[in-house]
Each structure stands twice: as structure tokens, then as C-alpha cells.
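Visitor: Okay, handing you the structure first.
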Amino acid sequence: MARDLVLLAASRPQVIQTVDGDPDTPWGLLTTTADGTIIDVNTRFASWTGRSLEVLCGGLRWKQLLAPASRILYETHFVPRLEAQGAVSEVSLDLVREDGSRFPILA
-2 MARDLVLLAA
8 SRPQVIQTVD
18 GDPDTPWGLL
28 TTTADGTIID
38 VNTRFASWTG
48 RSLEVLCGGL
58 RWKQLLAPAS
68 RILYETHFVP
78 RLEAQGAVSE
88 VSLDLVREDG
98 SRFPILA
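Here the sequence shown is numbered in my numbering, starting from -2 and rising by one per residue.
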């Protein structure tokens, strides 16, 4: 069964109670289709990547934003666990920002 992926990523470990779309929230929200194409992000996630909402939701796939080592971890551990268990938590990954710098997240 195909699933859409909703990923909450916190820049610091903390309890996330709600996602209300407030641009001042400390967490990033990313929604993808089953094939990983990004369909929605919040302002915080966009700021972490250094990309606009339009660029992020313009056909990019989630794993294109990951550093090479994080992409391997995502494909070999994250996805299989998500498919088997229906959820994954507390996986440390690195995003690659538009300027090439890395930004650590806890997915």
C-alpha cells in the first residue's frame, strides 16, 4: 500500500505537540507523496534548506535534500523500517542547504 510521508524534523530534540503553520515554530514539516516527491513544507523547513517553498514543492524529491551518507541511511534503514513498522522516529540526518552547507535534523 502506497503511503504519503509526513516528516517532522526538529532542530533540537523536544516534544512536538502541534503543527499549526506558525513560521516561528521550532520544527520543520515536510509532506511527500509515496515516491518521495515533496508536496508541502512549512516555512521553517524551507528556511533550513535555504530554498523557497516554490522550489521545494516544484518536483524535488525529499532524498535530493539529503547529504550522501544520510541518503544511504534513509534508503537502507529509514524506508524499510517505515514500510515494516509504519513509523520511524529519532533518526539523525543531514540536509544539504542551497549554499552547500549541512544542517543536522532529527527525523
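Every residue, glycine too, gets a C-beta built ideally from N, C-alpha and C. Model, not experiment: these values are computed from the prediction.
Of all the options GLY25, ASP91 and ASP96, which has the alpha carbon lying nearest to the alpha carbon of LYS60?
Guide: Here the closest residue by C-alpha is ASP91.
Visitor: To the nearest angstrom, how far is the alpha carbon of GLU80 from that of ASP96?
Guide: Answer to the nearest angstrom: the Cα atoms are 32 Å apart.
Visitor: Would you mind listing the beta strand (DSSP E) stretches within the segment 21 to 96 that are 3+ residues and don't spill past its ends, in chain order?
Guide: Listed in chain order, the complete beta strand (DSSP E) runs (minimum 3 residues) inside the segment 21 to 96 are 24 to 29, 35 to 38 and 89 to 93.
Visitor: Of the choices LEU26, SER86, PRO77 and THR22, whose alpha-carbon is the least far from that of LEU50?
Guide: For the residues LEU26, SER86, PRO77 and THR22, the minimum Cα distance to LEU50 belongs to LEU26.
Visitor: Contact check, LEU62 vs THR46 under 8 Å by CB: the rounded distance?
Guide: Right, their Cβ atoms sit about 6 Å apart.
Visitor: Compute the beta-carbon to beta-carbon distance between ALA104 and VAL88, rounded to the nearest angstrom, for a pair I have assumed lies under 8 Å.
Guide: Confirmed, Cβ separation roughly 5 Å.
Visitor: Measuring straight from C-alpha to C-alpha, what distance separates ALA66 and THR22?
Guide: Rounded to whole angstroms, ALA66 to THR22 spans 28 Å at the Cα level.
Visitor: In whole angstroms, give me the CA-to-CA distance for ASP32 and LEU57.
Guide: ASP32 and LEU57: Cα-Cα distance of roughly 11 Å.
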